[in-house]
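Per the working numbering, numbering of the sequence shown is gapless, rising by one per residue and ending at 461. Quick reminder that beta carbons are idealized off the backbone N, C-alpha and C, glycines included. Presented below is the structure to which this report refers.
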Amino acid sequence: MGAVAVVGGQYGDEGKGKFVHYLVHEENIKIIGRGNGGCNAGHNVYDPERGVALALHLMPSGIFGKDTVNIVGDGTVINPHNFVEEMDAVEACGVELSPNNLKLSSRAHVTLQTHRNIDGATDKVGSTAQGIGPTYRDKAVRSGLRLEVFSRPDWQQVVGALFSAHNDELALLNRKDLRVDIDEELKKLEKSVARIIPHICDTLTYLSNELANGSSLMLEGAQATMLDINHGTYPFVTSSSATAGGIAMGLGLPPTAVTRVIGVFKLPMTRVGKGPFTTLLTDVEADLHDKLAGIKGEKGSEFGATTGRARSIGWMDLVMAKYAQRVNGFTDIGLTKLDMLSGINSLKVATSYMLDGIEIFDMPADTSSIERCTAVYAELAGWEEDISGVSNFSDLPINAQKYVQFIEDYLMVPVTMIGTGANNADLIKR
Ligand code: IMP
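Have a look at this one:
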């Protein structure tokens, strides 16, 4: 039957979890896999049976699914301590974790405390400070460690050598204060490693066999298209490949395995960290910003799940969405937070950019050009009605229907799912 990928079309935090949850719980997807990133991601997972909600980072969102198998794939990076914290949180909710329902790729790379310290000392893009960039850097220069290292009898020596190299690097960066006590770190690691070791295996071979047997599989995207290391607004990107192809690659799946790609877009869109944001709300739209941001700590508010940072907020950008469509080949689209647009008189949607006095319809390739772009907006009539929890498209006010159809017509891709509230059940399926 092929695999379905759920991918962010903007700068992350689009609310992908809502659709992932729907697919896991309503369409009974058997296997769910993460193929990129690490604990820089943040997603809220809700268990309808136990009635509990958790903010997770690297743990796949299928962990509350009945008999769902959760894979953390080859292309990810794993901090053993953070991951054990997530395992503890999940187990505290009554889920029994075993090598059958949680599998970590032996090819995934290890994030050490010193990767985090180097991230803190060198970051230029407003990273999540989780050591993600330095871990992928070590992977690329072939000095990184894969999870398989922990099955070697001499792993403490091998990991100790990397700690030592990182300590030297921190000294050269004039950050001796960030060096670690290697023996202490190894002792701490021993504990976390003991917890994760039963879950480490060859996930590529497992997935390949399951696909051949017709099992249903979902690829859970982390971060998003515009944060992708190849296709995003470089250098203001994460260090992994966050597009549909990249996630498939990160799980060791051939591109032909993915038959459905759901692109997720948030209305309004947000960004955290540095980098261009063409449709950012202006100062005169401060009241609107406050309405859309919500209150820190409240469900659905625009503050980072991993960092707590306030997110920048802007209008829907269809130039960017078209670019994301080109990169990912979306078969259908999921929109989130349509309910947040109620009560806004006139809704702006960017349909082209002005760059150095010329109107352009395609995303420029270089970030400095994107930074010089201003948005050209179509203005669509809004609606007053509260649409929270609406579950039928035909029950939406006509202007809300037109707004969705405008996006669909521009991208020439069907919008099949629409979020209408903070709860997972607040969803229109078309
Ligand atoms: P890093 O992934 O921690 O290296 O951060 C690089 C950039 O990606 C920063 O701008 C982060 O704010 C952004 N970023 C990383 N992960 C996420 C995410 O899950 N949601 C939104 N932004 C993210």
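Asked, Found
"Cα separation between Asn-244 and Ile-63?", "16 Å"
"Beta carbon of Ile-449, beta carbon of Leu-372: below 8 Å?", "no"
"State the start and end residues of the unbroken alpha helix (DSSP H) segment that holds Val-115.", "111-123"
"Could you tell me the boundaries of the alpha helix (DSSP H) in which Asn-101 lies?", "Note, Asn-101: premise wrong, no alpha helix (DSSP H); beta strand (DSSP E) at 100-103."
"Within 7 Å: the Cβ of Phe-95 and any heavy atom of ligand 1?", "no"
"Which word fits Thr-287, buried or exposed, when buried means at least 16 other C-beta atoms lie within 10 angstroms of its C-beta?", "exposed"
"With a Cβ-Cβ cutoff of 8 Å, do Val-211 and Gln-144 count as a contact?", "yes"
"What is the residue span of the alpha helix (DSSP H) that Glu-216 lies within?", "213-227"
"With three or more beta-carbon pairs closer than 8 Å as the criterion, would you say the segment 232-246 touches the segment 130-150?", "yes"
"I'd like to check one pair, Phe-308 with Thr-398: are the Cβ atoms closer than 8 Å?", "no"
"Using a 10 Å radius around the Cβ and a threshold of 16 neighbouring Cβ atoms, would you call Arg-342 buried or exposed?", "buried"
"Inspect the beta-carbon positions of Phe-50 and Ile-293 and report whether they are closer than 8 Å.", "yes"
"Run the proximity test for Ile-213: is its beta-carbon closer than 7 Å to any non-hydrogen atom belonging to ligand 1?", "no"
"Count the other C-beta atoms from every protein chain shown that fall within 10 angstroms of the C-beta of Glu-45, then say buried if there are 16 or more, exposed otherwise.", "buried"
"Anyone know if the C-beta pair for Asp-457 and Gly-420 falls short of 8 Å?", "yes"
"Please say whether Gly-162 and Arg-147 have beta carbons closer to each other than 8 Å?", "yes"
"Any contact between the segment 105-113 and the segment 64-71? By contact I mean 3 or more CB pairs, one from each, below 8 Å.", "yes"
"Could I get the ranges of all uninterrupted alpha helix (DSSP H) runs contained in the segment 114-184, with 4 residues as the minimum, in chain order?", "144-153 and 163-171"
"For Met-385, which beta-bridge partners are listed by DSSP?", "Glu-390 and Thr-405"
"Pair every Cβ in the segment 242-257 with every Cβ in the segment 277-291, then say whether three or more of these pairs are closer than 8 Å.", "yes"
"In three-state terms, what does DSSP make of His-74?", "strand"
"Count the C-beta pairs between the segment 377-386 and the segment 335-354 that are closer than 8 Å, then say yes if the count reaches three, no if not.", "yes"
"Expressed to the nearest angstrom, what Euclidean distance is found between the alpha-carbon atoms of Ala-72 and Glu-117?", "13 Å"
"Assess, as a yes-or-no matter, whether the segment 289-305 is touched by the segment 123-133 under the definition of 3 or more beta carbon pairs within less than 8 Å.", "no"
"Assign Val-303 to one of three DSSP states: helix, strand, or coil.", "coil"
"Using CA atoms only, rank isn't needed, just tell me which of Ser-92, Trp-186 and Tyr-42 is closest to Tyr-53.", "Ser-92"
"Taking one C-beta from the segment 433-443 and one from the segment 356-368 each time, how about it: are there three or more such pairs within less than 8 Å?", "yes"
"With Thr-447 as the anchor, note down where its beta strand (DSSP E) starts and where it stops.", "446-450"
"Please return the same chain residues whose Cβ sits closer than 8 Å to the Cβ of Leu-178, not counting the five positions on each side in sequence.", "Ile-109, Leu-135, Ser-136, Ser-137, Arg-138, Ala-139, His-140, Val-141, Ile-227 and Ile-231"
"Counting C-beta neighbours from all protein chains within 10 Å, is the total for Pro-111 16 or more, i.e. buried, or is it exposed?", "buried"
"Which first and last residues belong to the alpha helix (DSSP H) in which Phe-50 is found?", "47-57"
"Which residue comes first and which comes last in the alpha helix (DSSP H) that contains Met-30?", "Past the edges of the chain, shown from 32 to 461, lies residue 30, and the structure says nothing about it."
"Quick check: the Cα distance between Leu-386 and Ala-202, rounded to an integer number of angstroms?", "44 Å"
"Going by DSSP, what residue range makes up the beta strand (DSSP E) through Glu-333?", "Counting along the chain, Glu-333 falls outside any beta strand (DSSP E), and DSSP gives it neither H nor E."
"Determine which residues share a DSSP beta bridge with Ser-343 and list them.", "Arg-302"
"Take every Cβ of the segment 213-227, pair it with every Cβ of the segment 182-197, and state whether three or more of those distances are shorter than 8 Å.", "yes"
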